[in-house]
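Student:
Protein chains: 2
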Amino acid sequence: MSAKIKDVAAAAGVSVATVSRALGSGPVSAALRQRVEEAAKQLGYRPNLSARRLRSQHTQTVGLIVSDIRNPFFTAVSRAVEDAAYQAGMRVILCNTDENPDKEAMYLRLMEEERVSGVIFSPTRDTARRLRPDAYGFPVVMIDRSGPAGQADAVVLDNRLAAAQLVEHLLAQGYRHIGGLFGNTSSTGSERHAGFEAALAAHGLAGEGRFIAPTAEAAETVVTQWLAEEQRPDALIASNGLLLLGALRALQRAGLSSPHDLALAGFDNEVWTGLVGNGLTVIEQPVYEIGRTAMEMLLSRLDDPGLSIRSVVLAGRLLVRGSTSPHPSAQGVFGQP
Amino acid sequence: MSAKIKDVAAAAGVSVATVSRALGSGPVSAALRQRVEEAAKQLGYRPNLSARRLRSQHTQTVGLIVSDIRNPFFTAVSRAVEDAAYQAGMRVILCNTDENPDKEAMYLRLMEEERVSGVIFSPTRDTARRLRPDAYGFPVVMIDRSGPAGQADAVVLDNRLAAAQLVEHLLAQGYRHIGGLFGNTSSTGSERHAGFEAALAAHGLAGEGRFIAPTAEAAETVVTQWLAEEQRPDALIASNGLLLLGALRALQRAGLSSPHDLALAGFDNEVWTGLVGNGLTVIEQPVYEIGRTAMEMLLSRLDDPGLSIRSVVLAGRLLVRGSTSPHPSAQGVFGQP
DNA sequence: TTGAAAGCGCTAACAC
DNA sequence: GTGTTAGCGCTTTCAA
Numbered sequence: 001m002s003a004k005i006k007d008v009a010a011a012a013g014v015s016v017a018t019v020s021r022a023l024g025s026g027p028v029s030a031a032l033r034q035r036v037e038e039a040a041k042q043l044g045y046r047p048n049l050s051a052r053r054l055r056s057q058h059t060q061t062v063g064l065i066v067s068d069i070r071n072p073f074f075t076a077v078s079r080a081v082e083d084a085a086y087q088a089g090m091r092v093i094l095c096n097t098d099e100n101p102d103k104e105a106m107y108l109r110l111m112e113e114e115r116v117s118g119v120i121f122s123p124t125r126d127t128a129r130r131l132r133p134d135a136y137g138f139p140v141v142m143i144d145r146s147g148p149a150g151q152a153d154a155v156v157l158d159n160r161l162a163a164a165q166l167v168e169h170l171l172a173q174g175y176r177h178i179g180g181l182f183g184n185t186s187s188t189g190s191e192r193h194a195g196f197e198a199a200l201a202a203h204g205l206a207g208e209g210r211f212i213a214p215t216a217e218a219a220e221t222v223v224t225q226w227l228a229e230e231q232r233p234d235a236l237i238a239s240n241g242l243l244l245l246g247a248l249r250a251l252q253r254a255g256l257s258s259p260h261d262l263a264l265a266g267f268d269n270e271v272w273t274g275l276v277g278n279g280l281t282v283i284e285q286p287v288y289e290i291g292r293t294a295m296e297m298l299l300s301r302l303d304d305p306g307l308s309i310r311s312v313v314l315a316g317r318l319l320v321r322g323s324t325s326p327h328p329s330a331q332g333v334f335g336q337p
Numbered sequence: 338m339s340a341k342i343k344d345v346a347a348a349a350g351v352s353v354a355t356v357s358r359a360l361g362s363g364p365v366s367a368a369l370r371q372r373v374e375e376a377a378k379q380l381g382y383r384p385n386l387s388a389r390r391l392r393s394q395h396t397q398t399v400g401l402i403v404s405d406i407r408n409p410f411f412t413a414v415s416r417a418v419e420d421a422a423y424q425a426g427m428r429v430i431l432c433n434t435d436e437n438p439d440k441e442a443m444y445l446r447l448m449e450e451e452r453v454s455g456v457i458f459s460p461t462r463d464t465a466r467r468l469r470p471d472a473y474g475f476p477v478v479m480i481d482r483s484g485p486a487g488q489a490d491a492v493v494l495d496n497r498l499a500a501a502q503l504v505e506h507l508l509a510q511g512y513r514h515i516g517g518l519f520g521n522t523s524s525t526g527s528e529r530h531a532g533f534e535a536a537l538a539a540h541g542l543a544g545e546g547r548f549i550a551p552t553a554e555a556a557e558t559v560v561t562q563w564l565a566e567e568q569r570p571d572a573l574i575a576s577n578g579l580l581l582l583g584a585l586r587a588l589q590r591a592g593l594s595s596p597h598d599l600a601l602a603g604f605d606n607e608v609w610t611g612l613v614g615n616g617l618t619v620i621e622q623p624v625y626e627i628g629r630t631a632m633e634m635l636l637s638r639l640d641d642p643g644l645s646i647r648s649v650v651l652a653g654r655l656l657v658r659g660s661t662s663p664h665p666s667a668q669g670v671f672g673q674p
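Each protein sequence line maps, in turn, to chains A and B. The numbering used here numbers the first residue of the first sequence as 1 and each following residue consecutively. The numbering used here numbers the first residue of the second sequence as 338 and each following residue consecutively.
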């Protein structure tokens, strides 16, 4: 068995309380601290964090609950959260829910049992609606998606604006029949759809938005079918990286290319969006910043639980690339003006 | 404060021991179990896992230590590890080391303090060499990279074979001046380099392998320079996804394309490798299987610590795509035979 | 500044 | 089957 605090105390000839203080930040004479550290090192002492947590009643642990860590958006966020957490001396428990409300409930329950200090959560729309964040023993910071306003801290993109920017850009490039693909499990999908509709309406146009399961496979299927329809749109936007990938694959399978046959744009500046063809126009999200900010908000709330509920809304950045170059019919002398 | 086991006991009119047994898998009469469950539900009781761990002396926790979760290889592995862990009722603590031996040491120390059941670890070459896995209070399973044979369980790719396959493929396609990019911090880089050299030597050829920092940026810089040299290779292989990405970017920046100016191939079947141009030829690693297998090995060792040390070597799969189509000089009637 | 002692919430040994 | 009790390893009063 490994050395306990008692063993260190015995070896250093002091009480366990002194050891605890010396290894922590208690008031101990320099000489004793030295002796204790020496003894601890000698014995290879490692404090037992379970015991420390039980006694001290704080776990220095945060839960991070996302749909799938393999989504590059969440990958980046999680890296930021972990960097910030470890810097603050906290651990992170990562949970993948696969957009499944049952799993979400299960992990929230687990977080209670872990007595986590707080949770950073990207909930499905259903759970966000139902969730009473103050029903838990810990604060919750929502990321990417949010529930009813003012219920919990949140870090989100300005989704309506970003979607509108994308639409405005396509309109400026001469596209008029714009279709949209939106995830059907998150508030983000709805908000981006709202921005999409609003921007088109502002120009007296209507677009066709389709809500689908947030997977590349679903998008590929839907877009493949869409492309075969009579009234094919001349531009398509996809409300996240997975949907954009599916859309791109559908185009490739159909032997079509952007922007020649169809303009394509979307959300999330994933590696491949800059590599394929002349690049895909996307809204870049400040992914690392989202994670870091979420952790900062959590820490400041732990520091002062009386803080009022805050929403941090971050702006996306439009990266214009080749996939949305001007519509053929708008290209100067060779086409209609 | 939340309800404790004592409160549940009082509410159900039984002893705390009975509550513990009823909620766990102890022998309790059906009637009492019912009453206890009812009371626990009523009170919203959540067992305190810190207390349970301290008392029971097992934490049901595994550590996963990788260089960077943003590397898609580790992303996929981590998802597999977590799936398997949560299924087995265990939690995962994720640690990013950035290939930094100091961070590796720090996290290993943290794992000791957490009294984890075991660790799944992808160490730098330096740490792998130094590491004495039995110096810790928990078993270690190495993934992707391994240390001295027989020291710890490991799940690795057959790196030499995979690199050789890549070389053989390029040779068969008519390429003769093959360069290689290898990471300089991992055993994986060395092994792939060895396979590369061996395969070339078997054909009486010599390649030029360069060892560099395992980042896309380093690869881009090195390849940009390499392409400007007098003796430009006619094919390049990159020993992981990051290096392959950097190499591709260097080509694009130089206005070159594969396979026209230079064949390009590498490791890791990342999303973008299938999308760019006519696709990049890669060795696909069974990423999810690697993670799942590592977790299985860990669980079986926890079950029976007497098991002898095992290495599981998995085969990669060569995915031939457009970036390595036949060398111009080997293309039938139009070129040299 | 240091030590003695209580106790965090739970499980497991033992007794009935 | 059920209850009583000790104690996991630590931090934190409280007293000296």
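Each residue gets a CB set at the ideal place from its N, CA and C atoms; glycine is no exception.
(1) Within the same chain, show all residues whose beta-carbon is closer than 7 Å to that of L298 of chain A, passing over the 5 residues directly before and after it, in chain order.
(2) Does chain A have any CB closer than 8 Å to the CB of E557 of chain B?
(3) Check whether the Cβ of E114 of chain A sits closer than 7 Å to any heavy atom of the ligand ADP, and report yes or no.
(4) Should the stretch 257 to 267 of chain A be called in touch with the stretch 317 to 329 of chain A, which here means at least 3 C-beta pairs below 8 Å?
(5) For L54 of chain A, name the three-state secondary structure that DSSP assigns.
(6) Output needed for H514 of chain B: all residues of its chain with C-beta closer than 6 Å, excluding positions within five of it in sequence on either side, in chain order.
(7) Which one of B:W609, B:L579 and B:L651 has the shortest CA to CA distance from R629 of chain B?
(8) Judging by CA-CA distance, which residue of A:E104, A:L245, A:H58 and A:A12 is the nearest neighbour of Q42 of chain A?
(9) Check each candidate in B:L564, B:L542 and B:V608 and name the one with the smallest Cα separation from A587 of chain B.
(10) For D126 of chain A, count the other beta carbons within 10 Å of its own beta carbon; 16 or more makes it buried, fewer makes it exposed. Which is it?
(11) Going residue by residue through the stretch 500 to 579 of chain B, where are the continuous alpha helix (DSSP H) segments of at least 4 residues, counting only ones entirely within it?
(12) If you count every other CB in all the chains shown that lies within 10 Å of the CB of E436 of chain B, and 16 or more means buried, which is it?
(13) Could you tell me whether the Cβ of L161 of chain A comes closer than 8 Å to any Cβ of chain B?
(14) In terms of residue numbering, what span does the beta strand (DSSP E) encompassing G400 of chain B cover?
(15) Mind checking if S78 of chain A is an interface residue toward chain B, Cβ cutoff 8 Å exclusive?
(16) Evaluate E197 of chain A with the Cβ neighbour count: other Cβ atoms within 10 Å of its Cβ, from every protein chain shown; 16 or more gives buried, anything less gives exposed.
(17) Can you check which of these residues, A:R129, A:A164 and A:G44, is closest to A152 of chain A by C-alpha distance?
(18) Flag P384 of chain B as yes if its beta-carbon sits less than 8 Å from any beta-carbon of chain A, otherwise no.
(19) Excluding the 5 residues preceding and the 5 following L507 of chain B in the sequence, name in chain order all residues of the same chain whose CB lies nearer than 8 Å to its CB.
(20) Please determine if the stretch 382 to 393 of chain B and the stretch 43 to 57 of chain A are in contact, where contact requires at least 3 C-beta pairs separated by less than 8 Å.
(21) Could you tell me which residues DSSP pairs with G118 of chain A in its beta bridges?
(22) Once you ignore the five residues that flank G426 of chain B on each side, which residues in its own chain have a CB closer than 7 Å to its CB?
(23) Take E554 of chain B as the anchor and find which of B:A538, B:Q568 and B:L580 has the nearest alpha-carbon.
(24) Under 7 Å Cβ-Cβ, which residues of chain A neighbour V608 of chain B?
(25) Quick check on the burial criterion: 16 or more other C-beta atoms within 10 angstroms. Buried or exposed for P674 of chain B?
(26) On the DSSP letters alone, give me the boundaries of the beta strand (DSSP E) that L601 of chain B sits inside.
(27) Pick out whichever of A:V167, A:G24, A:V312 and A:G44 has its Cα sitting closest to the Cα of A3 of chain A.
(28) For A354 of chain B, name the three-state secondary structure that DSSP assigns.
(29) Inspect the beta-carbon positions of E270 of chain A and G241 of chain A and report whether they are closer than 8 Å.
(30) Grouping DSSP H, G and I as helix and E and B as strand, with all else coil, what is L639 of chain B?
(31) Can you list the residues of chain A that S339 of chain B reaches, using a CB-CB cut of under 9 Å?
(32) Should E450 of chain B and N496 of chain B be called a contact, given that it needs their Cβ atoms to be closer than 8 Å?
(33) Determine contact between the stretch 467 to 474 of chain B and the stretch 409 to 423 of chain B, defined as no fewer than three beta-carbon pairs at a distance below 8 Å.
(34) Just to confirm my understanding: we take R35 of chain A, look at its own chain, exclude 5 residues before and 5 after, and list those with CB closer than 6 Å. What are they?
(35) Which first and last residues belong to the alpha helix (DSSP H) in which A591 of chain B is found?
(36) Does S387 of chain B come within less than 8 Å of chain A when only Cβ atoms are used?
Tutor: For this structure:
(1) V62, G118, I120, P139 and V141
(2) no
(3) Ligands in the displayed structure: none, and consequently the ligand ADP is not present.
(4) yes
(5) helix
(6) P570 and D571
(7) B:L651
(8) A:A12
(9) B:L564
(10) exposed
(11) 524 to 539 and 553 to 564
(12) buried
(13) no
(14) T398 to V403
(15) yes
(16) buried
(17) A:R129
(18) yes
(19) I515, A572, I574, A600, A602 and T661
(20) yes
(21) A:V62
(22) Q397
(23) B:L580
(24) L245 and W272
(25) Here the model assigns P674 of chain B a pLDDT of 33, short of 50, so the residue's position is not dependable, and the following value carries that caveat. Exposed, because fewer than 16 other Cβ atoms sit within 10 Å of the Cβ of P674 of chain B.
(26) A600 to F604
(27) A:G44
(28) helix
(29) yes
(30) helix
(31) E112, R115 and G137
(32) no
(33) no
(34) A12
(35) Note, A591 of chain B: premise wrong, no alpha helix (DSSP H); not H, not E.
(36) yes
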